[in-house]
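Take a look at the structure set out below.
There are 2 protein chains.
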Amino acid sequence: MNPLFHELFQKSRYLTNEINLTLKKHNLYASQWTVLYCIQKHGEMSLTQIWKYLNVEAPTITRTVYRLVELGWVDIRPGKDRREKIVHLSEKASQDFQTIKDSIFEFENRMVAGLTKEEEAIFIELLRKIK
Amino acid sequence: MNPLFHELFQKSRYLTNEINLTLKKHNLYASQWTVLYCIQKHGEMSLTQIWKYLNVEAPTITRTVYRLVELGWVDIRPGKDRREKIVHLSEKASQDFQTIKDSIFEFENRMVAGLTKEEEAIFIELLRKIK
DNA sequence: AAAATATATTTAGCTAAGTAAATATATTTC
DNA sequence: GAAATATATTTACTTAGCTAAATATATTTT
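Dropping the structure here:
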């Protein structure tokens, strides 16, 4: 395999594992946090809005959101369109949000500490050229 | 989330999906191909050699290799150390290998067509700085 | 040689992605 | 307004990674 792809996949796996480790103290997994973050940013969202925004398939979001409901991080209410379900952060999630966001922020900064701001920009640019 | 991480995860997912699409005509999945490629390259390998080389956990390789046995891509024989299992390509896999390798090669080149060789090198270098 | 430790693999169970097809409700077309 | 089509969500099942703990065989220590 082209080393570029090999390295990219390895790093992606490494980073999700490290994020999971960081989130462990908050009893969250990476994908769960991604959904929480996305909902917090947009106020409240339907399932469809979430999966379209995150660019994953619908069943993935159904599953993750229902797990988040079970764990008490989000609540679901019906929308005006009776097909759709609107997801919003629970009281608990709203309270804990900033603390969790801070640990993730700290983690992310640690991971890119070896890159200058310019290199970060170049990296993203190159990443976008792979398609 | 830092856009760098967001883009990296998205691209990683996009690429595995595209590789799966490319491999579909050969009735293979990305991770199965990765294992086949690795075995072909090294002649034959024990399970431990495979997972250490690919940098994943042992149970992941156990599962993938046994699926490959079921599908007729690899065979397993005992090693001299009676704990270990040696995996090698089947007749079928050896025959089809070059064709599959060619489609993957074609796919990879298409994906990096937007980058110069120099940019590829820079990309890998930056990727390695994230840690 | 027996006990302790190490290594190779497996089992069980979790998150996380995917596809294909089913179900329920809305919207559009005839 | 009924039929056809579209949209939102769910269900069932697959690959693909992970951790923790079990099992079997080797190696080292005592």
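Chains as they are written, first to last, in this note's numbering: chain E, 1298 to 1428; chain H, 1298 to 1428. We put the beta carbon where it would ideally sit given N, CA and C, even for glycine. This structure is a prediction, so every number in the text was calculated from the model and none was measured.
Buried/exposed call for residue i, threshold 16 Cβ in 10 Å
i: E/Q1395; result: exposed
i: E/S1328; result: buried
i: H/T1319; result: buried
i: H/T1361; result: buried
i: H/S1309; result: buried
Residue i at chain E interface by Cβ criterion, 8 angstroms
i: H/K1426; result: yes
i: H/E1403; result: no
i: H/L1325; result: no
i: H/G1411; result: yes
i: H/Q1307; result: yes
i: H/L1365; result: no
i: H/M1298; result: yes
i: H/I1421; result: yes
Spatially closest choice to residue i from the options, by CA coordinates
i: E/E1341; options: E/V1371, E/K1321, E/I1421; result: E/V1371
i: H/I1401; options: H/A1418, H/K1428, H/I1316, H/R1425; result: H/I1316
i: H/R1379; options: H/V1332, H/N1299, H/S1343, H/A1355; result: H/S1343
i: H/L1365; options: H/E1381, H/Y1311, H/P1375, H/T1331; result: H/T1331
i: H/G1376; options: H/T1345, H/V1353, H/K1426, H/R1360; result: H/T1345
i: H/E1415; options: E/I1419, E/T1413, E/K1414, E/E1415; result: E/I1419
i: H/Q1392; options: H/L1333, H/L1351, H/E1422, H/N1352; result: H/L1333
i: E/H1339; options: E/E1422, E/T1413, E/V1384, E/I1421; result: E/V1384
Residue-level contact to chain H via CB, residue i, 8 angstroms cutoff
i: E/F1302; result: yes
i: E/N1317; result: no
i: E/F1394; result: no
i: E/V1332; result: no
i: E/I1373; result: no
i: E/K1321; result: no
i: E/N1314; result: no
Near the ligand ATP: residue i beta-carbon under 7 angstroms from a heavy atom
i: E/V1353; result: Questions concerning the ligand ATP fall outside what the structure shown contains, since it holds no ligand whatsoever.
Pair within 8 angstroms by beta-carbon distance, residue i and residue j
i: E/K1389; j: E/G1369; result: yes
i: H/W1348; j: H/I1336; result: no
i: H/K1321; j: E/G1411; result: no
i: E/F1302; j: H/L1312; result: yes
i: H/N1299; j: E/E1304; result: no
> Which runs of the alpha helix (DSSP H), 4 residues or longer, sit entirely within the segment 1313-1357 of chain E?
Replying inline: Whole alpha helix (DSSP H) segments, 4+ residues: 1327-1339, 1344-1351.
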